[in-house]
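What follows is one structure encoded as structure tokens, with my remarks underneath.
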Amino acid sequence: MSYIAAERGLSRNTSLAYGRDLRRFVASLKGDEVVEKDVVDHLSQLSDQGYASASIYRALMAIRVFFRFLKREGEITSDPTTLLDSPKLWQLIPEVLTEEEVERLLEMPDLETEEGMRDRAILETFYATGMRVSELCMLQVQDVGEKEVRVMGKGGKERIIPIGEAALDAIDRYLAEYRNERGENRPLFKTKKGKRLRREFVWERIKMYGHSAGI
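Using the numbering used here, the first residue of the sequence shown is number 462, and each one after it goes up by one.
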């Protein structure tokens, strides 16, 4: 737990909560080898038991850092959480949110700022498409069409996903007000320094807005 606390800069109370999350996860395991499905099944079980989305997300973060530590120490060769950014995982969060909570979450970004406009577009895109975090981070400006978005999935396989008007409007407004660019090979969502977003950054933003929304 000291590694997790240092890794994420946790307070004592949050560190204790992470410890409880990990013990609950370990107790749910049925075998010695842990695979991605075990983690998703555990988070789904938490959802079924009525845990809040913020608690489910915290459990996911605790599990992620735990396996990162085990791999760094050479205790495991494969991290089962590496690819845990699937639509199945993202959909787990909306499933435990009411419509009112979703609306509160979407209203959290400050639309008077570039970051807020970008984050609103990100949240709308996630909610509309259920795409993977890694897919969202790799989106190019030209990947967004009038009614669909083109994503590159695992193994370089292209997928076409329908996207709703609210998400498209949020993307268009972000591009028009702060980017004003639609050329080739330009990341759709960027940091303030112009770098492509990383999935860890995106999850942290979602967590921040969820906390602000009281979810």
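Idealized CB from N, CA, C, for every residue including glycine.
Quantities reported herein were computed from a predicted structural model and do not represent experimental measurements.
Could you give the residue range of the alpha helix (DSSP H) that holds residue i?
i: I622; result: Run containing I622: none in the alpha helix (DSSP H); it sits in the beta strand (DSSP E), E619 to P623.
i: E665; result: R660 to S673
i: M677; result: Because the chain in this structure spans residues 462 to 676, residue 677 falls outside the shown range and cannot be described.
i: D540; result: Segment: none, D540 is in no alpha helix (DSSP H) and carries neither H nor E.
i: D580; result: E575 to T590
i: Y635; result: E626 to Y635
i: V495; result: No alpha helix (DSSP H) holds V495; DSSP gives it neither H nor E.
Quick check on residue i: buried or exposed, where buried means 16 or more other Cβ atoms within 10 Å of its Cβ?
i: L477; result: exposed
i: H672; result: exposed
i: A520; result: buried
i: D509; result: exposed
i: T415; result: Examination of residue 415 is not possible in this model, given that the chain is present from 462 through 676 alone.
i: L490; result: exposed
i: P570; result: buried
So the candidates are the options; which of them puts its Cα closest to the Cα of residue i?
i: G655; options: E568, R565, V500 and E575; result: E575
i: E596; options: V563, R660 and A589; result: R660
i: M578; options: R485, R640 and E494; result: R640
i: F527; options: E561, E562 and V487; result: V487
i: K668; options: S489, S516 and E494; result: S516
i: R620; options: M522, R611 and D493; result: R611
i: V663; options: M599, D482, Y479 and R485; result: M599
i: E536; options: L483, E494 and H503; result: E494
i: R647; options: Q603, R593, V563 and R529; result: Q603
Give the DSSP bridge partners of residue i, in chain order.
i: K651; result: R657
i: M613; result: E619
i: Q601; result: P648
*Should the segment 630-640 be regarded as contacting the segment 575-593, the criterion being three or more beta carbon pairs within less than 8 Å?*
Contact between the segment 630-640 and the segment 575-593 is present, with at least three C-beta pairs closer than 8 Å.
*State whether the segment 527-542 contacts the segment 496-506, with contact taken as three or more CB pairs (one from each stretch) at a distance under 8 Å.*
Contact holds between the segment 527-542 and the segment 496-506, because three or more Cβ pairs, one in each stretch, are under 8 Å apart.
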